[in-house]
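Numbering (my numbering), first residue to last: 657 to 1011.
To keep things clear, I will list the structure first and then write my remarks on it.
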């Protein structure tokens, strides 16, 4: 889904092609002399004399290759290297400055506020932290996430955040815009509000409106040809693992929960049964949100706790343990057992863990 940069050495290839086609008009004498010498050496009159001397110019091709490489490819390669060095230097500055880190995620939070935060957004969030070189987990991730959620509350583009990031240079601004666009498209669609916010952020960072709009169109065209995996679909449909998007917007932290809190939490059998029946009536699998509801767990429950919770409930509702109940209750328990197993599979696939 990423737009590929122009391949290097395109100038050399174009120069060589132009030399083959037009070289015989410029280097006709040299081409004939070269062809005759090769013909005498290898004895192929047709190939060297008739084809190379009269139709194409090997001397022109070589000259075109060298000229194209010098005039087009070398400046391009040098420019790309300078941009790469500038971006690397900017990321080093960000890595050392917590204020810059918070400004980055404030900008992203403003752009992301036009759509619900999902597990897919969380994955992009981790990718950005990793690219900057920041550790996952701990206080760094927490204050970056807090800045993101505070940015999501803003009604106007955060000009102060953009001004703080401006000294990092255009390569960094383009990199950040590309990452924000990745986040906007990680849920496999982009609404008009998201696009307007992205364009506003690009303008603040000094990206021309034409370039920002071109980035959006290229990514949308690529997304239209992209066939997402089941994991991508589920991640794009599931809320951020901290639950309600407003839970950290005021900067507060959620209390930590132990695995036992998840495993032995109260189970709402009626809610789980109704969610499973609704999915079955519509002829589809459980969504990730429904899977958590069936297991009676909040988003963000550890994978190990999810497994133990599911196995505990499956043990309780297994038909072998419902022998003393009536026929209707046994049938209901058998249905719940199957749905609990399905919910476990859906969540484990979304988390990238084994059942």
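Cβ atoms here follow ideal geometry from the backbone N, Cα and C, with glycine treated the same way.
Touch check for the region 942–956 and the region 987–1003: three-plus C-beta pairs under 8 angstroms? Touching, yes, given that three or more Cβ pairs across the two stretches are closer than 8 angstroms.
Contact belief for residue 749 with residue 824 at Cβ below 8 angstroms, rounded distance in angstroms: Against the chain shown, residue 749 aligns to sequence position 93. Against the chain shown, residue 824 aligns to sequence position 168. Indeed they touch by this definition, with Cβ atoms about 6 angstroms apart.
Could you check the C-alpha separation between residue 963 and residue 941 for me, to the nearest Å? Mapped onto the chain shown, residue 963 falls at position 307. Mapped onto the chain shown, residue 941 falls at position 285. The alpha-carbon atoms of residue 963 and residue 941 are separated by roughly 19 angstroms.
Report the start-end ranges of each alpha helix (DSSP H) in the region 944–988 that is 4 residues or longer and not cut off at the edges. The DSSP assignment places 944–951, 959–973 as complete runs of the alpha helix (DSSP H) inside the region 944–988, in order along the chain (cut-off: 4 residues).
How about residue 868 and residue 855: are their beta carbons less than 8 angstroms apart? To locate residue 868, count along the chain shown from 1; it is residue 212. To locate residue 855, count along the chain shown from 1; it is residue 199. Here residue 868 is near residue 855, since their CB atoms are less than 8 angstroms apart.
Buried or exposed by the 16-neighbour rule on C-beta atoms within 10 Å, applied to residue 864: Counted from its first residue, the chain shown places residue 864 at position 208. That one is exposed.
In or out: residue 971 buried (at least 16 other Cβ within 10 Å) or exposed? Residue 971 sits at position 315 when you count from the first residue of the chain shown. When all chains shown are included, residue 971 counts as exposed.
Going by beta carbon distance, what residues of the same chain come within less than 7 angstroms of residue 818, once the five residues before and after it are set aside? Counting from one through the chain shown, the residue named residue 818 turns up at place 162. Apart from the 5 residues on each side of it in sequence, residue 818 sits with its Cβ closer than 7 angstroms to the Cβ of 763, 860, 861 in its chain, given in chain order.
Whole-angstrom distance between residue 820 and residue 925, CA atom to CA atom: As a working note, residue 925 is residue 269 in the chain shown. As a working note, residue 820 is residue 164 in the chain shown. Annotation: residue 925 to residue 820 spans about 52 angstroms, alpha carbon to alpha carbon.
Skipping 5 residues on each side, what residues in its chain have a beta carbon closer than 6 angstroms to that of residue 783? The residue given as residue 783 occupies position 127 in the chain shown. Nothing listed; no residue qualifies.
With DSSP collapsed to three states, give me the class of residue 921. In the chain shown, counting from the first residue as 1, residue 921 sits at position 265. Residue 921: coil per DSSP, three-state reduction.
Going by alpha carbons, who is nearest to residue 920 out of 957, 927, 935? Counted from its first residue, the chain shown places residue 920 at position 264. Taking residue 920 as reference, the option from 957, 927, 935 with the minimal CA-CA separation is 957.
Which same chain residues, not among the five before or five after residue 851, have their C-beta less than 7 angstroms away from its C-beta? Along the chain shown, read from residue 1 onward, the residue named residue 851 stands at position 195. So the list reads 872, once near-sequence residues are dropped.
Could you name the residues of the same chain whose beta carbon sits closer than 6 angstroms to that of residue 838, not counting the 5 residues immediately before and after it, in chain order? Here residue 838 corresponds to residue number 182 of the chain shown, with the count starting at 1. Non-local C-beta neighbours of residue 838 in its own chain, meaning closer than 6 angstroms and more than five positions away in sequence, comprise 780, ordered along the chain.
Suppose the cutoff is 7 angstroms on Cβ atoms and the five residues either side in sequence are ignored; what does the same chain contact list for residue 831 look like? Working through the chain shown from its first residue, we reach residue 831 at position 175. Once the five neighbours on either side are set aside, the close Cβ partners of residue 831 are 743.
From residue 774 to residue 896, what does the alpha carbon distance come to, in whole angstroms? Translated into positions along the chain shown, residue 774 becomes position 118. Translated into positions along the chain shown, residue 896 becomes position 240. Each residue's alpha carbon lies about 4 angstroms from the other.
Meets three-Cβ-pair contact criterion under 8 angstroms: the region 931–939 and the region 971–980: The region 931–939 makes no contact with the region 971–980, as fewer than three CB pairs between them are under 8 angstroms.
Rounded straight-line distance, which links the Cα of residue 733 to that of residue 745: Counting from 1 along the chain shown, the entry for residue 745 is found at position 89. Counting from 1 along the chain shown, the entry for residue 733 is found at position 77. For residue 745 and residue 733, the distance between alpha carbons rounds to 18 angstroms.
For residue 800, the three-state DSSP class (helix, strand or coil): Position 144 of the chain shown, counted from the start, is the residue given in the question as residue 800. Helix at residue 800.
By Cβ distance below 6 angstroms, which residues in the same chain neighbour residue 758 in space, the five residues on each side in sequence not counted? By 1-based counting over the chain shown, the position of residue 758 is 102. Excluding positions up to five away in sequence, the list reads 803.
Could you check if residue 814 is buried or exposed, using at least 16 other CB atoms within 10 Å of its CB as the buried criterion? For this step, residue 814 is matched to residue 158 along the chain shown. Counting Cβ neighbours within 10 Å, residue 814 comes out buried, since at least 16 surround it.
Could you check which residue in 789, 829, 967 has the C-alpha nearest to that of residue 998? Here residue 998 refers to the residue found at position 342 when the chain shown is read from its first residue. Residue 998 has its Cα closest to that of 967, out of 789, 829, 967.
Classify residue 833 as helix, strand or coil using the three-state DSSP reduction. Here the question's residue 833 lines up with position 177 in the chain shown. In the three-state reduction of the DSSP assignment, residue 833 falls in the helix class, which pools H, G and I.
Give the DSSP-derived three-state secondary structure of residue 1009 in the structure shown. Residue 1009 sits at position 353 when you count from the first residue of the chain shown. The answer is coil: DSSP assigns residue 1009 none of H, G, I, E or B.
Should residue 836 go down as buried or exposed, given a rule of 16 or more other Cβ atoms within 10 Å for buried? Working through the chain shown from its first residue, we reach residue 836 at position 180. Buried.
Helix, strand or coil at residue 864 [DSSP, three-state]: Position 208 of the chain shown holds residue 864. Three-state DSSP puts residue 864 in coil, outside helix and strand.
Going by C-alpha distance, which of 767, 790, 785, 786 is nearest residue 812? Reading the chain shown from its first residue, position 156 is the one you call residue 812. Among 767, 790, 785, 786, the Cα nearest to that of residue 812 is on 767.
How should residue 993 be labelled, buried or exposed, when 16 other C-beta atoms within 10 angstroms of its C-beta is the threshold for buried? Counting from 1 along the chain shown, the entry for residue 993 is found at position 337. Buried, by the Cβ-count rule.
Among the residues of its own chain, which have a CB less than 6 angstroms from the CB of residue 789, if the five just before and after it don't count? In the chain shown, counting from the first residue as 1, residue 789 sits at position 133. Taken in chain order, the residues that qualify are 751.
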